[in-house]
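Chemist: For the sequence shown, UniProt numbering assigns the number 1 to the initial residue and increments by one for each residue that follows. Dropping a structure here in C-alpha cells format, bear with me for questions.
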Amino acid sequence: MTPRRTSATIARSAAEHCLIQVYLDGGCTGTAGERAFAMRIGDVGVLDLAQPLAVETTAFSALTLVIPRAGLILPFKAPEFLHGLVLPAASAIGTLLNDHVRSLHAQLPGLSVKAAAAVAGGAIGVIAAGIGSALDACAPIDEPQGALLDRIKNFIDRKLDAADLGTDLICDAFGLSRSTLYRLFEPLGGVAKHVRDRRLARALHDLAASQPDRPRIADIAYHWGFGSEAAFSRAFRAAYGMTPGEARDTAERMRQSAPKDVGAAECVLERWMRSLTPGNLPS
C-alpha cells in the first residue's frame, strides 16, 4: 500500500492539520517533503497534511490524532522540521506521548462532550510540549530569536487579509530592521514566501468550501492580498500544480461522487476538520 499526498491532493483537500500517529502494529517508511522517515510499533510520528507525503506500508494498526497545524506549529522555533518527525518508542518523550495517546483512546468513550473538549485542550498542550522538546535538538534558531519569530508569524496570520501586509508593516510593528527580519525568515525561504504561502493556504480553504458558501475566485484573490486574479492563479498553480478553478471543480466532484453510504459521514468529517481553526482550538 502506497498512500501519497501530492500538491494536487493537497489542493483538493485544503487541510491545514497535522496527524499525530502511534503505531500499534506494523509500520511504514516514506518521505515527508524531502525527509525520509520510518515508523515502527510504539513510535510517535507527526505528519503535516499541507505538505507532500509518500508512504510505503503493509497491514498496520495505528491511533491517529487530528490537530490543527496552528495548534502545533506556532509555539515552535523550527516548524520546518515538524513534517515527518518520528519520536522513537525507546525515547523518553516517545514513551510519554505513546502512553498519553493510548490513554486518551481508552478513556474517551466514557467522557461527556464537555469533558472531552476540556481533555482535548490539555492533550494538545502535552503533545505540543513533547514534540517541541524533541524539535529543540534540530532547531537552528536560538531561544530569543525563535520566540520573536513565533510572534511575527502570529502577527502575519492575523494580518493576512490586510492590504498593507509586508516588510514595512512587520518591521514597524516589531521595531526591526529589514536585514534582521530577512535573517529571521531565511530558514523558511524568506518573509515574502512565508506570507504568500500562508495566503495561498487560506485561499485554498475558501476554494474548497461547499456551495453556497464559497465566494468567487476573483474575490478570494483580492481578499487574500493578490493584485489580480491572474497573479493569484499563477501563484496557486506554482504551489499546488493546478489552477484555482481546477481545485474548486475537483473538490466539488469529490463531494458529488462520494458513495451515498459514506457521503454523510464524510461531510460530517469534512465540516469538523474545517471547524478546527486557530480560533476554535480548545483552551
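Where is the CB? At the ideal position from N, CA and C, for every residue including glycine.
I think His83 touches Gly42, with their Cβ atoms under 8 Å apart; what is that distance to the nearest whole Å?
Modeler: By 1-based counting over the sequence shown, the position of residue 83 is 83. By 1-based counting over the sequence shown, the position of residue 42 is 42. Not confirmed; about 21 Å, so no contact.
Chemist: Run the CB neighbour count on Gly110, radius 10 Å, all protein chains shown included, and call it buried at 16 or more, exposed below.
Modeler: On the sequence shown, residue 110 is found 110 positions in, with the first residue counted as 1. Counting Cβ neighbours within 10 Å, Gly110 comes out exposed, since fewer than 16 surround it.
Chemist: Check each candidate in Phe232, Lys193 and Ala192 and name the one with the smallest Cα separation from Leu207.
Modeler: Stepping through the sequence shown from its first residue, residue 207 is reached at position 207. Of Phe232, Lys193 and Ala192, the residue nearest in Cα terms is Phe232.
Chemist: Is it true that the segment 15-35 meets the segment 179-199, where meeting means three or more beta-carbon pairs spaced less than 8 Å apart?
Modeler: Counting Cβ pairs under 8 Å, fewer than three are found: no touch.
Chemist: Identify the continuous beta strand (DSSP E) that holds Gln21 and give its terminal residues.
Modeler: In the sequence shown, residue 21 corresponds to position 21, counting from 1. Per DSSP, Gln21 belongs to the beta strand (DSSP E) from His17 to Asp25.
Chemist: If you reduce the DSSP assignment to three classes, tell me which class Asp172 lands in.
Modeler: For the purposes of this step, residue 172 is identified with residue 172 of the sequence shown, where counting begins at 1. Of the three classes helix, strand and coil, the one that applies to Asp172 here is helix, per DSSP.
Chemist: Checking the sheet assignment: what are the DSSP bridge partners for Ser61?
Modeler: Stepping through the sequence shown from its first residue, residue 61 is reached at position 61. The partner list for Ser61 (beta bridge, DSSP) reads Asp25.
Chemist: So Leu165 and Val195 are supposed to be a Cβ contact under 8 Å. How far apart are they, rounded?
Modeler: For the purposes of this step, residue 165 is taken as residue 165 along the sequence shown, with counting starting at 1. For the purposes of this step, residue 195 is taken as residue 195 along the sequence shown, with counting starting at 1. So it is a contact: roughly 6 Å between Cβ atoms.
Chemist: With 16 other CB atoms within 10 Å as the buried threshold, where does Ala238 fall?
Modeler: Here residue 238 corresponds to residue number 238 of the sequence shown, with the count starting at 1. Exposed.
Chemist: How is Pro52 classed by DSSP in three states: helix, strand or coil?
Modeler: If you number the sequence shown from 1, residue 52 lands on position 52. Looking at Pro52 - three-state DSSP - the assignment turns out to be coil, as it is neither helix nor strand.
Chemist: Leaving aside the five residues before and after Gly45 along the sequence, list all residues of the same chain whose C-beta is less than 6 Å from its C-beta, in chain order.
Modeler: Taking the first residue of the sequence shown as position 1, residue 45 is located at position 45. Answer for Gly45: Gln21, Met39 and Val86, listed in chain order.
Chemist: Using 8 Å as the cut-off, can you tell me whether the segment 92-110 makes contact with the segment 121-128, which would need three or more C-beta pairs spanning the two stretches below that distance?
Modeler: Flag = yes, the segment 92-110 and the segment 121-128 touch.
Chemist: Pick out whichever of Ala36, His105, Ile152 and Thr58 has its Cα sitting closest to the Cα of Val66.
Modeler: By 1-based counting over the sequence shown, the position of residue 66 is 66. That would be His105, whose Cα lies nearest to the Cα of Val66.
Chemist: Taking the alpha carbon of Leu181 as the reference point, which residue from Ala201, Arg151 and Arg199 has its own alpha carbon closest?
Modeler: Translated into the one-based positions of the sequence shown, residue 181 becomes position 181. The shortest Cα separation from Leu181 among Ala201, Arg151 and Arg199 belongs to Arg151.
Chemist: Comparing alpha-carbon positions, which option in Arg69, Arg158, Ala62 and Thr64 lies nearest Gln51?
Modeler: For the purposes of this step, residue 51 is identified with residue 51 of the sequence shown, where counting begins at 1. It is Arg69 whose Cα lies nearest to the Cα of Gln51.
Chemist: Assuming contact is defined by CB atoms lying nearer than 8 Å, are Ala118 and Ile93 in contact in what I supplied?
Modeler: For the purposes of this step, residue 118 is identified with residue 118 of the sequence shown, where counting begins at 1. For the purposes of this step, residue 93 is identified with residue 93 of the sequence shown, where counting begins at 1. The answer is no: Cβ separation not under 8 Å.
Chemist: How is Glu143 classed by DSSP in three states: helix, strand or coil?
Modeler: Taking the first residue of the sequence shown as position 1, residue 143 is located at position 143. For Glu143, the predicted structure reports a pLDDT of 48, less than 50, and the residue's modelled location is therefore unreliable. A value from the coordinates is still provided. Of the three classes helix, strand and coil, the one that applies to Glu143 here is helix, per DSSP.
Chemist: Suppose the cutoff is 7 Å on Cβ atoms and the five residues either side in sequence are ignored; what does the same chain contact list for His223 look like?
Modeler: By one-based count along the sequence shown, residue 223 stands at place 223. Cβ within range, chain order: Asp161.
Chemist: Assign Arg35 to one of three DSSP states: helix, strand, or coil.
Modeler: Sequence index remark: in the sequence shown, residue 35 carries index 35 (1-based). In this structure, Arg35 counts as strand in the three-state DSSP scheme.
Chemist: Which one of Ala247, Cys18, Ala89 and Ala251 has the shortest CA to CA distance from Ala128?
Modeler: As a first step, residue 128 must be located in the sequence shown, where it is residue number 128. That would be Cys18, whose Cα lies nearest to the Cα of Ala128.
Chemist: Assign Arg248 to one of two classes, buried (16 or more other C-beta atoms within 10 Å of its C-beta) or exposed (fewer than that).
Modeler: Taking the first residue of the sequence shown as 1, we reach residue 248 at position 248. Classification for Arg248: buried.
Chemist: Under three-state DSSP, which class holds Arg5?
Modeler: Along the sequence shown, read from residue 1 onward, the residue named residue 5 stands at position 5. Here Arg5 sits in strand by DSSP.
Chemist: When burial is assigned at 16 or more other CB atoms within 10 Å of the CB, is Leu108 buried or exposed?
Modeler: Residue 108 sits at position 108 when you count from the first residue of the sequence shown. Flag for Leu108 reads exposed.
Chemist: So, under 8 Å CB-CB, Ile217 and Gly245 are touching, yes? Tell me the CB distance rounded to an integer number of Å.
Modeler: Looking up residue 217 in the sequence shown gives position 217. Looking up residue 245 in the sequence shown gives position 245. Yes, Ile217 and Gly245 are in contact; Cβ-Cβ is about 6 Å, under 8 Å.
Chemist: Looking at Ala62: is its Cβ nearer than 8 Å to the Cβ of Tyr23?
Modeler: On the sequence shown, position 62 is the one that residue 62 refers to. On the sequence shown, position 23 is the one that residue 23 refers to. In contact: Ala62 and Tyr23 (Cβ atoms closer than 8 Å).
Chemist: Measure from the alpha carbon of Ala54 to the alpha carbon of each residue in Asp48, Glu16, Arg4 and Ala36, then state which is nearest.
Modeler: Mapped onto the sequence shown, residue 54 falls at position 54. Closest by alpha carbon: Arg4.
Chemist: Are Leu200 and Ala235 touching if we call contact CB-CB under 8 Å?
Modeler: Taking the first residue of the sequence shown as 1, we reach residue 200 at position 200. Taking the first residue of the sequence shown as 1, we reach residue 235 at position 235. In contact: Leu200 and Ala235 (Cβ atoms closer than 8 Å).
Chemist: Expressed to the nearest angstrom, what Euclidean distance is found between the alpha-carbon atoms of Cys28 and Thr250?
Modeler: Here residue 28 refers to the residue found at position 28 of the sequence shown. Here residue 250 refers to the residue found at position 250 of the sequence shown. Computed Cα separation, rounded: 29 Å.
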